[in-house]
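This report refers to the structure that appears directly beneath it.
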Amino acid sequence: MSQIMEGVIAHHGICLSKEVKMAYIRLIVLVLFVEVIITLAVSLGIYFGFSIYPYTLSTLTPSGAAVHSAGFNATIPLYMPSLADLKVPYTFLRVATPAWGIVAFLVTAALMGVQSFIRGMYLGGLKGWALNQEKVPLLVYGRRYFGDMIAWTIFQFVTGAAMIFFAAAFFPIGIILIIVLMCYSLTPYIIVLENISFSTALAKATGTFRRNFGALLPLALLAMMCTLIVSLFRSLTPPWGYAVPLLAYACMGTLLIGKLMKILADKLGINPEQQSTMQLTDDEIRTRGLVNVVIVLLIPVLLFTGIFTASGKHLWLFDFGSKKQIEGISYMTSFSDVYYASKTRYTAYLWQSAEYSMSIKLPDLTGERKPDELRGIAEITWRMDENNHRLQGTSLQIAENPNLHKSQLMYRLVKETAKNGNVYYSSLRGSSSILPGDVEPREPLSVQIMVSGDGSQLFVIQYPTRFDISPVFRVSDDGKYVITGTSPVNPMDFHTYWFTADQRIDHMFNLLAAKNQLNDITMFNRAYLALASAMQEGDGGTVVKVLEMMRKSGVDVKAPDWDIPTWTDHLHRRYQAASLPNFLELLSKAGIQGGYEVTEISDKIEDKVGVYRLEVPFPDGVIPITYKESKVDGKLLSIQVME
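Taken in order, the sequence shown gives residues 598 to 1240; the numbers are from our numbering.
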């Protein structure tokens, strides 16, 4: 690596003295330090609920997840190499909805100050490096150029915000502002090379850019080729999708910016200062050698720190207190018979029980006064499709196995208000992420978390990051349950886990009744499937609605003339003898294909009308449904419930 680096440096005509090499390494350390500070700030912002302009926006994907995607990005490094140039997220955590406020302003301002000071050090060091100086007083450069770099940062901030606003309002004005900002892009370099003020350099920048455009164009094209290659590394699996582009871009970008400053120094007629011939004593040489060793060691230390903070594992430092372990069950949507028959208007669930559990710390939420946010690190045992690698002969086999696995979840839940005024907590406007672990999932996964207002019900939705959660994430009107919708893309990829210290059957009936309130029961062919599903789920309200809908549609209905409480009580009593596994197995009949066996019972062969029997199973027997339907158009003609 060092031989390649030296070759590149020599190719660009820069002295290879030991002092200049160490100056180069010190500049790499400065780049890594700034990027790690930004990584730390962005991850803390996600956890504590503040945004940092522009880094929060640059890492936000449409799904709200920080995903290191495949592809490439060609750009030009300016002032200091930055992961934002390559569209590499600063964190593996899911980026929350941007939250602006006083904290966001203060943290952004502080970060701008630190970045401006170090940018002065960096460009000052590159000036000395480009002009072949031995001694590079970085702190002196940082203090000297701090004010001017702050002024340039503010100028960039204002013009960048205006560019975003006008590009959204009227695209041509946004393009004009981009061109204008490009013409002023040499300002920081001129400040450092000529030791002039920000205002003077700003006035001089456009002319310098125009006169030297031809000389700088080949370097810009080279930079775009180099950054295109480096950006390919962002598709590596975590943490390498963060670490490799960071180190490669810091090294390559520094060489490119150094070459740019050398070209500008020549064009501006700046004479290189005389190299120092100062003689060093043995003690000074030993002291310098020790400092150089520390500087070199800072590179792996900063890379490790960046990886650690990008993963979010440092957030354990803010997670105090004991956790309570809660057992749970899971449910998911699927392309069930009733979903297809209703033309995607009726959702039913497929239920599973296993050794699911969640360890989480929650405050007492039973009182009147409730916190605005909940945050922490939870540990969950759930099912995850993981890639298992095994060597078979000379080939590497990758098998996908759905196994129970423990994961750590970072969460920041924001207080929300349900339709009836009750409170619940959701990560939809907050944030939740799976912290990297020792398992490689089949594909990148995201999570959403919801907690009822009294803290008794906890829900976690696991889904592939490539899917949008907003059409699926639904909360009951009382803010107590997650009633996941059916994704039209791949519903079985959305797994909802339900944790509660008191897993009672009546809670499950309440969840199903809340879910069914959102189902559209407008008359459709095979509507008897909706009736069977509602009976299976113990929802007397939906049973009454479906029967009434059938009558209004001209179906001859013969069924007990019961009201909602009577139907509900009857269906619930039929589950009294069921164990939890048996109860979940029966509920799943409504949410799968082929859950109900249909038998044709016509005594004589009918060409146009068929008579069929469907049985809804319960622990104490079945509820039979006999119906007639047209064999021509599938129209339901009559139905009889409980003969």
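We put the CB at the ideal spot given by N, CA and C, even for glycine.
Since the model is a prediction, treat every value here as computed from it, not as a measurement.
How about residue i and residue j: do their beta carbons lie closer than 8 Å?
i, j, result
"GLU632", "LEU843", "yes"
"GLU976", "LYS958", "no"
"ILE622", "VAL893", "yes"
"ALA638", "VAL704", "yes"
"GLY710", "ILE747", "yes"
"SER931", "PRO1068", "no"
"GLY722", "ALA620", "yes"
"LEU627", "TYR719", "yes"
"ALA727", "MET858", "yes"
"PRO1216", "ALA1175", "yes"
"ILE635", "LEU708", "yes"
"ASP1065", "ARG942", "no"
"TRP979", "GLN1054", "no"
"SER1227", "VAL1206", "yes"
"ALA696", "SER640", "no"
"ASP1166", "ALA1111", "no"
"MET1147", "ALA1124", "yes"
"VAL790", "LYS724", "First, the amino acid is wrong: residue 790 is Leu here, not Val. Result yes, Cβ atoms of LEU790 and LYS724 sit closer than 8 Å."
"LEU833", "VAL841", "yes"
"LEU629", "LEU1042", "no"
"THR784", "THR944", "no"
"PHE795", "ASP745", "yes"
"LYS845", "ILE625", "Reading off the sequence shown, one finds Ala at residue 845, where the question assumed Lys. Not a contact, by the Cβ cut-off of 8 Å."
"LEU788", "ALA798", "Looking at the sequence shown, residue 788 is not Leu but Ile. Going by C-beta atoms, ILE788 is nearer than 8 Å to ALA798."
"ALA681", "TYR650", "no"
"PRO836", "ILE896", "no"
"LYS1155", "GLN1237", "yes"
"GLN1005", "GLY964", "no"
Which same chain residues, not among the five before or five after residue i, have their C-beta less than 8 Å away from its C-beta?
i, result
"ILE860", "ASN809, ALA812, LEU813 and LEU816"
"LEU1010", "GLU970, LEU971, ARG972, TYR1022, SER1023, SER1024, GLY1027, SER1029, ILE1046, MET1047 and VAL1048"
"TYR1172", "ILE1102, GLY1135, PHE1180, LEU1183, PHE1215 and PRO1216"
"LYS684", "SER655, ASN670, SER828 and ARG831"
"PHE645", "VAL700, ARG972 and ARG1009"
"SER660", "Legend: pLDDT at SER660 = 42, less than 50; position of this residue unreliable, no value from coordinates given."
"VAL1143", "ILE1118, ALA1124, ALA1127, LEU1128 and ALA1131"
To the nearest whole angstrom, what separates the beta carbons of residue i and residue j, a pair I think is in contact under 8 Å?
i, j, result
"LYS928", "THR1097", "For clarity, residue 928 is Tyr in the given sequence; the question names Lys instead. About 13 Å; that fails the 8 Å criterion."
"LEU1032", "LYS910", "6 Å"
"SER1185", "LEU947", "5 Å"
"VAL1036", "GLU952", "Not a contact, Cβ separation roughly 17 Å."
"PHE763", "LEU774", "6 Å"
"THR750", "GLN712", "7 Å"
"VAL1057", "VAL1044", "6 Å"
"ASN1122", "LYS967", "Rounded, the Cβ-Cβ distance is 47 Å, inconsistent with contact."
"MET1239", "PRO1157", "6 Å"
"ASN1000", "GLY1050", "In fact, because the Cβ distance is near 34 Å, the residues do not count as touching under 8 Å."
Counting only the same chain and skipping the five closest in sequence on each side, list residues whose C-beta sits under 7 Å from that of residue i.
i, result
"LEU1177", "SER950"
"THR756", "LEU774 and LEU778"
"PRO1038", "MET981, ASP982 and GLU983"
"ILE854", "PRO674 and LEU723"
"ILE770", "PHE763"
"ILE694", "At residue 694 the sequence reads Thr, which differs from the Ile that was named. Excluding positions up to five away in sequence, the list reads ARG1026."
Take residue i and list the residues in its own chain whose beta-carbon comes closer than 6 Å to its own, dropping the five residues that flank it on each side.
i, result
"GLY1052", "LEU959 and LEU962"
"VAL1208", "ILE1198, SER1199 and LYS1225"
"VAL564", "Not covered by the structure: residue 564. The range shown for the chain is 598 to 1240."
"ASN1113", "ASP1136 and THR1139"
"ASP916", "GLY973 and ILE974"
"PHE714", "GLY739 and PHE743"
"ASP1153", "SER1235"
"GLU1040", "PRO1061"
"ILE923", "MET955, PHE1096 and ALA1098"
"ILE867", "LEU790"
"LYS1149", "none"
"GLY1192", "LYS1186"
Does the CB of residue i have a neighbour CB from chain C at under 8 Å?
i, result
"ALA1131", "No chain C is present in this structure, which holds just one protein chain."
Whole runs of the alpha helix (DSSP H) within the stretch 1119-1147, excluding any shorter than 4 residues: Within the stretch 1119-1147, the complete alpha helix (DSSP H) runs of at least 4 residues are 1125-1133.
Assess contact between the stretch 925-938 and the stretch 1070-1080, defined as three or more Cβ pairs (one per stretch) separated by less than 8 Å. Is contact present? Here the stretch 925-938 does not lie against the stretch 1070-1080, with fewer than 3 beta-carbon pairs under 8 Å apart.
At least three beta-carbon pairs within less than 8 Å, the stretch 819-828 to the stretch 788-806: Here the stretch 819-828 does not lie against the stretch 788-806, with fewer than 3 beta-carbon pairs under 8 Å apart.
Where in the stretch 1013-1096 do unbroken runs of the beta strand (DSSP E), each at least 3 residues long, occur, reported from the N-terminal end onward? The DSSP assignment places 1020-1031, 1042-1049, 1055-1061 and 1092-1096 as complete runs of the beta strand (DSSP E) inside the stretch 1013-1096, in order along the chain (cut-off: 3 residues).
Are the stretch 1014-1022 and the stretch 668-679 touching, with three or more C-beta to C-beta distances below 8 Å? The stretch 1014-1022 vs the stretch 668-679: no contact.
Should the stretch 678-692 be regarded as contacting the stretch 897-908, the criterion being three or more beta carbon pairs within less than 8 Å? A contact exists between the stretch 678-692 and the stretch 897-908.
Could you tell me whether the stretch 1119-1132 touches the stretch 1220-1230, using the rule of 3 or more Cβ pairs below 8 Å? The stretch 1119-1132 vs the stretch 1220-1230: in contact.
List in chain order: all unbroken beta strand (DSSP E) runs of 3+ residues lying wholly within the stretch 931-958. At a cut-off of 3 residues, the continuous stretches assigned as beta strand (DSSP E) that sit fully inside the stretch 931-958 are 946-957.
Could you pull out every unbroken alpha helix (DSSP H) segment of at least 4 residues lying fully inside the stretch 784-851, listed in chain order? Within the stretch 784-851, complete alpha helix (DSSP H) segments of at least 4 residues are found at 784-791, 795-808 and 810-828, given in chain order.
Output the residue ranges of the alpha helix (DSSP H) runs that lie fully inside the stretch 1153-1234 and measure 4 residues or longer, sorted by chain position. List check, alpha helix (DSSP H) in window: 1161-1170 and 1177-1184.
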